Every structure is written in structure tokens, then in C-alpha cells.
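Here the structure comes first, spelled out in C-alpha cells, and everything after it is commentary.
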Amino acid sequence: MTMATADTASQARQAAAKVQTMHDQLQSALEAEDFAGISDRLDQLRPVLDSIAGQPGFDSSMDELREAKLASAELDAKIEEAEMAMLSNPIEMITGLVQGLLKTLLGLVGSLLGGGLPVRT
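Each residue of the sequence shown is one higher than the last, beginning at -8 in my numbering.
Encoded structure:
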């Protein structure tokens, strides 16, 4: 393995670990029905996704990354809508979108790791 390949593999593992951590935190917030926590985790996720997009050598992960960014933007819009509606239980309004984003994040982790490696669900 050349030095550039080793660096890219190391960066991919680091990026996958960050995405996995964000996935786990987002899932915990959803399970706790913590609307504010979901919103906070989403805010923290955006720069992680942006940093991955800026790294060379992750071409195979770009589709999943694009999908994760779209899902997070859609969720962000729905969170804003739920906040404006001042619902008694805004979690109901965003649960499906959060679950979709969680699935997308796991796909991104798998893609960053080259697939085939087990990831936690």
C-alpha cells in the first residue's frame, strides 16, 4: 500500500467513525424523543458531511454523501416547520425523516469503509 493510499484509508476510517458517532447520537436522540437533541445533532452533522465532501479520494462515497446532505436538509426544513407549528409532539412529524437519515448515514459509513465491514445499527 502506498503512502497516499494509506492516508486515504486512514482518513476514510476517521470520517466513517465521525459519521457513525453522529448516527448513534442522532438515533439516541430519536429514541429519547428529544426534539431539541435531534435538531442539535443535525446542526453538528452538517460540518462533518461538509468536511467529507472536501476530502480527495472519497469518490466512491459521493452518492451516499449527497443523499445524506439532501436528507439532512429535508429534515432541517421539517424541524423548522414543526417548530413554527408549535406542536405538542413535534417528534411525530419528523420521525420518518430521521429514520431515513439514519439509514443513509449507515450507507455512508459502509461506503467510506469500502463496504463489507460491519457497522452498528
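We treat Cβ as the ideally placed atom computed from N, Cα and C, and that holds for glycine. Since the model is a prediction, treat every value here as computed from it, not as a measurement.
Only residues of its own chain outside the window of five on either side were considered, and among them none has a CB closer than 6 angstroms to the CB of E74.
Residue range M53 to A76 is occupied by the alpha helix (DSSP H) that includes M53. In terms of Cα proximity to G87, the closest of L104, A8 and S63 is S63.
By the neighbour-count criterion, in which a residue is buried when 16 or more other Cβ atoms sit within 10 angstroms of its Cβ, Q90 is exposed. The beta carbon of A27 sits closer than 6 angstroms to no other beta carbon from its chain once the five residues preceding and following it are set aside. In this model, I82 and T12 are separated by some 21 angstroms (Cα to Cα).
Nearest to K69 by C-alpha distance, out of N80, I85 and Q35, is I85.
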